[in-house]
Amino acid sequence: EKEMLDNFTPYRVICDHTRSAAFLIADGVVPGNGGRNYVTRMIIRRAARFGTKIGLKEPFLAKVAEAVIAEYGGFYPELEKNKATILDNLTREEIRFARTVEAGTAHLENLLSELRASKQAALDGHKAFDLYATYGLPFEISRDIAREGGLDIDEAGFNAAKEAHSKASGGGKAMGKLGGEDSEFFANILKDLQKKKKLGANGVEYDPYNSPRVEGEVLALIVNGESVESASLDDVVEVILPKTGFYIESGGQVNDEGYIRSLTPFPSPTGRGGRGQGVGGEGEWQIEVTAVRRAAAGAITHIGQVISGHPKVGDKAVAEVDMARRHNIMRNHTATHLLHKALHEVLGDHARQAGSLVAPTHLRFDFTQPDAMTPEQIERVEQMVNEAIAEDMPVNKETKSLDQARQEGAMALFGEKYGETVHTISILESNVPDVGKKYSYELCGGTHLDRTSDIGVFLIVSEGSAAAGIRRIEAVTGRGAYELINKRFKTLKQAAGALKSSVEEVPVKVDALQDEVSELKKELANLRVQSALSAFNLQLSNIQTVNGVNVLGIEIPHADVDALRFLADKFREKYPKAGAAVLVTGTTVIAVVTEDLVKQGMKAGDLIAGIGGKGGGRPNLAQGSLPDGKVSEMMMKVAKAVEEKLK
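Quick note: the sequence shown, position 338, residue 322 per this note's numbering, numbers continuous.
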C-alpha cells in the first residue's frame, strides 16, 4: 500500500495510458509518425517512461494490457479479437522507445543541468528540436522530463525550428495567396453571387456521381488571385459554375480532370487540333481542367489553363469530366475495397486501412500490419481479388444516415470525420441487391464501378513498409495491369531469346546458370587464395625483424577480404608469437598482431592508424582502408609503425 501511495502518479499514468493505447490499437490506430498514429505512439512512450521511473527495465505494457483486455473484453469484443495485435504493438513500441530514449534523455539531462546553472527557467526550443531530430526524443517526453525538474521547454521555439526544418527539407511550403489564405476572398465572391441570385444558400451544387457533364453560366473567373471579367490564352484560371460534376480530391481518390468550353459547336477534346488555334466562331473558347477544389464553404472552383479563345464571365459553358480517366480511377477505387476485404481474410481483421491513393494509373493501399507479408500471402490476396472480379458482383452505392450505416455494419475509418448523411459502397455476393449478402460494406464517398468485372484484372506490383507497423501495397488494374503484363511478357521473351530456350524453360535455365556462376565464383576465390598464398610465402622468406618481432607488410593485387583473412591466419600459424603483419589489397587493409604483443600494448588497429589508414576491430585483428593512390608509400611505413609501438 505504501508503494502504491509513493508511486501513485506513475501507476495511474501507466494504467490510463495502456488502456487508451489498447483501445486505439484495437481500432487500427497503431503507433506511427503522423496524425492519430503519432498520438498512439506518444501515449505508449509516456507510459513506458513512467515505468522506468519506478524501476521497470524490461517491456511491461503488454502485461498491463492483458489486465485491461480481461477487464473490458466482455463489453468491447474488439479488444479480445485484436489481443495479439495489441500486445505485439505495445512490446515493439516499448523496445523501439528504449533505444531512442537512453541517448536522448542523457543529452537532455546535460542541457537541463546547464540551464539550472545559468538560472534559466526554460530550455530553448531549437535545442529541444535538435534532440528530436538527432535522437528521436519527442517534444512531449522532453517537456515531461523538464517539468519534473521544475523547468520547461519553449514550445513556440520548438515548432518554429520544426517548421524551418520541414521547409528546408522540402516537407513544407510557404502558403501563397491561393494556398489557403484566400478562403475569405472566395467567401466574399460566394456572398456576392448569392446576393445576385446566381447561387443558392449552399453555393455551388456538387454532384460527382450523376453529372459528368453539366451546363451553366460562368459565374466568376480568378487569375493570379484576382477576380477578372475575362481570361486570355495560356492564363491559369479558376472557374466558378453553378454546378459541377468534377470529383474533388478526398479519401485518397484524386480529383477529376476534363474540360470547360463555351456552349457552342466545338471540336471534341480529342480532336481539337493545335493548341490555341482558331476554331469555330468568334467567342468560342476552351479550358483544360487539371484540378478542382473547395476554396471556401460552398465555393467550388475548377483550376485549369485556357487553351483556346477568351472565356468571359456570363458566358454559357459546358463542363465535362474526362470519363476515360474517371473510369480508370473507379477501377482502382473499387479494387481497393476488394483488396481491403482480401487482407482481412488472409491476415486478419487487424489489417485495417491506414491511408490510400487512388489514381488513374495505379492504387496505393496502406494497412496496419506489424510484419512483412510472405510471398504466399501476397499471392493469395492477389488471387482473392481477381476471383472477386471474375464473380461479376454488383457494386451498390447508397446515401443514408450515419447511424443506419453503422447499425448495418458498414466499415468506417477510425478518426475520419463523417456527417449525419453518408455515402456507402456495398459489393454484393448476390445479383439481387435487396437480398444479396454483402461481400464488402464500407463508408466511402468516392466514385465506383457498377460491377466488379469492370475492373478487368488486378496485379500487386509491390509490398513494403510505409511506417512502423504500417505496410503498403501498390497495385494496378485494367489497362495498367495489361500494360504491366505485356511489359513483363516481353522481358520474359527477351530472356528466353538470350538463353536460347522457350519461355517455359526460362526458370530452369536461370537456375542452372546461377549454379554455374556459383561454382565459377568458388573456383575464382580458390585461385585468388592460391595466388595470394604464393605471393605471401615468397614474401615470408624476406621477412623483417624489428626488435625481435617478425614484421610483414605485403600488398596482394586482385585478392579479396576473405583471402586476406586466410593469409592472416597463415601468418599466425607461422608466427604464434612475436609477429605483426599488415596485408593489403586495393585500398582494403587487414592488420594482425600476436597475443603476446597485444599484452605488451600493441593493437592491430594501431598499426593501421600508424601507416595512415582508418579502421578498427579486435586487438589482435583489425580491418580498415587506406587512401587510394598512397598504398605503396604507406606499406613502407609498416616496420616503422611496429617500432614506434614497441617503444
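Note that the Cβ used here is the ideal one computed from N, Cα and C, for glycine as well.
This one's a predicted model, so the numbers in the text were calculated from it and none came from an experiment.
Here's the rule I'm using: 16 or more other beta-carbon atoms within 10 Å means buried, otherwise exposed. How should Gly19 be labelled? Gly19 sits exposed, since fewer than 16 C-beta atoms from the chains shown fall within 10 Å of its C-beta.
Three-way DSSP call (helix, strand, coil) for Phe443 in this model: Per the sequence shown, the amino acid found at residue 443 is Leu instead of Phe. In the structure shown, Leu443 sits in a strand (DSSP, three-state: E or B).
Would you grab the beta carbon distance between Thr248 and Tyr190 for me? Rounded to a whole angstrom, and I think it's under 8 Å. No, Thr248 and Tyr190 are not in contact; Cβ-Cβ is about 26 Å, not under 8 Å.
Cutoff 6 Å; reference Leu497; Cβ partners in own chain excluding five residues on either side: Closer than 6 Å at Cβ, skipping near neighbours: no residue.
Can you name the start and end residues of the beta strand (DSSP E) that Thr285 belongs to? Note, Thr285: beta strand (DSSP E), Ala283 to Ser292.
Going by DSSP, what residue range makes up the alpha helix (DSSP H) through Phe(-8)? Looking at the DSSP string, the run of the alpha helix (DSSP H) that includes Phe(-8) is Phe(-8) to Ala10.
Excluding the 5 residues preceding and the 5 following Pro560 in the sequence, name in chain order all residues of the same chain whose CB lies nearer than 7 Å to its CB. A distance below 7 Å between beta-carbons, with the five flanking residues on each side excluded, links Pro560 to the following residues of its chain, in chain order: Thr578.
Using a Cβ-Cβ cutoff of less than 6 Å, which residues in the same chain neighbour Asp306 once the five nearest sequence positions on both sides are dropped? Within the same chain, Asp306 has close Cβ partners Glu241 and Gly242.
So, Gln270 versus Val220, is the Cβ gap smaller than 7 Å? It is not a contact, given that the beta carbons lie outside the stated cut-off.
As an exercise, report each continuous alpha helix (DSSP H) stretch of at least 4 residues that is fully enclosed by the stretch 281 to 353, in chain order. With a minimum length of 4 residues, the continuous alpha helix (DSSP H) runs that stay inside the stretch 281 to 353 are 307 to 331.
DSSP bridge partner residues for Leu427 (one or two, in chain order): According to DSSP, Leu427 bridges with Thr408.
If you measure between the beta carbons of Asn534 and Ile540, is that distance less than 7 Å? Result no, Cβ atoms of Asn534 and Ile540 do not sit closer than 7 Å.
Per the DSSP calculation, Tyr243 is bridged to which residue(s)? DSSP lists Glu272 and Glu304 as partners of Tyr243.
In chain order, which continuous runs of the alpha helix (DSSP H) of length 4 or greater are located wholly inside the stretch 88 to 123? With a minimum length of 4 residues, the continuous alpha helix (DSSP H) runs that stay inside the stretch 88 to 123 are 109 to 119.
What's the gap between the Cα of Met395 and the Cα of Glu426? Rounded to whole angstroms, Met395 to Glu426 spans 4 Å at the Cα level.
Among Thr285, Thr461 and Thr436, which residue has its Cα nearest to the Cα of Leu203? Comparing Cα-Cα distances from Leu203 to each of Thr285, Thr461 and Thr436, the minimum goes to Thr285.
Which word fits His1, buried or exposed, when buried means at least 16 other C-beta atoms lie within 10 angstroms of its C-beta? By the Cβ-count criterion, His1 is buried, with 16 or more other Cβ atoms from all chains shown falling within 10 Å of its own Cβ.
State buried or exposed for Glu360, treating a residue as buried only when at least 16 other CB atoms are found within 10 Å of its CB. Using a 10 angstroms sphere on the CB of Glu360, the tally of other CB atoms stays under 16, which defines it as exposed.
Asp176 to Leu386, Cα distance in whole Å? Rounded to the nearest angstrom, the two C-alpha atoms are 34 Å apart.
For a quick check, are the C-beta atoms of Phe550 and Val576 less than 7 Å apart? No; because the gap between Cβ atoms is not below 7 Å, this pair is not in contact.
How far does the alpha helix (DSSP H) with Ser518 in it extend, from its first residue to its last? Segment Val490 to Leu524, the alpha helix (DSSP H) holding Ser518.
So, is Phe142 buried or exposed, given that buried needs 16 or more other C-beta atoms within 10 angstroms? Around the beta carbon of Phe142, a 10 Å sphere encloses 16 or more other beta carbons of the protein chains shown; the residue is thus reported as buried.
Simplified DSSP assignment, three categories, for Leu605: Reduced to three states, the DSSP call for Leu605 is strand.
Can you give me the C-alpha to C-alpha distance between Gly154 and Asn73, rounded to a whole angstrom? With a pLDDT of 43 at Gly154, under the threshold of 50, the predicted position of this residue should be treated as unreliable, though the coordinate-derived value follows. Gly154 and Asn73 have their C-alpha atoms spaced approximately 31 Å apart.
By alpha-carbon positions, which one of Asp114, Leu217 and Gly184 ends up nearest to Glu272? Out of Asp114, Leu217 and Gly184, the CA that lies nearest to the CA of Glu272 is found in Leu217.
Leu225 in three-state terms, based on DSSP: The DSSP-derived three-state label of Leu225 is coil.
Cutoff 6 Å; reference Lys161; Cβ partners in own chain excluding five residues on either side: Caution applies to Lys161, whose pLDDT of 42 falls short of 50 and renders its modelled position unreliable; the value that the coordinates give is listed next. For Lys161, where only same-chain residues beyond five positions count, the Cβ hits under 6 Å are Gly209.
Pick helix, strand or coil for Lys587, following the three-state DSSP scheme. It is coil, neither helix nor strand.
Rounded Cβ spacing between Val48 and Ile(-2) (contact assumed at less than 8 Å): At roughly 6 Å, the Cβ-Cβ gap stays under 8 Å, so Val48 and Ile(-2) are in contact.
Since Asp136 sits in a beta bridge, which residues does DSSP pair it with? Ala106.
By DSSP, does Glu413 sit in helix, in strand, or in coil? Coil, per DSSP.
Check whether Phe349 and Ala335 have beta carbons under 7 Å apart: No.
Taking the alpha carbon of Glu233 as the point to measure from, which residue in Glu268, Ile287 and Val207 has its own alpha carbon closest? Per the Cα distances, Ile287.
Rounded to whole angstroms, what's the CA-CA distance from Ser410 to Ala319? Just pull it up for me. Counting only the Cα atoms, Ala319 lies some 13 Å from Ser410.
Cβ atoms of Ser126 and Ala140: under 7 Å apart, would you say? No. Outside cutoff.
State yes or no: is the C-beta of Val568 within less than 7 Å of the C-beta of Leu591? Cβ atoms of Val568 and Leu591: not closer than 7 Å.
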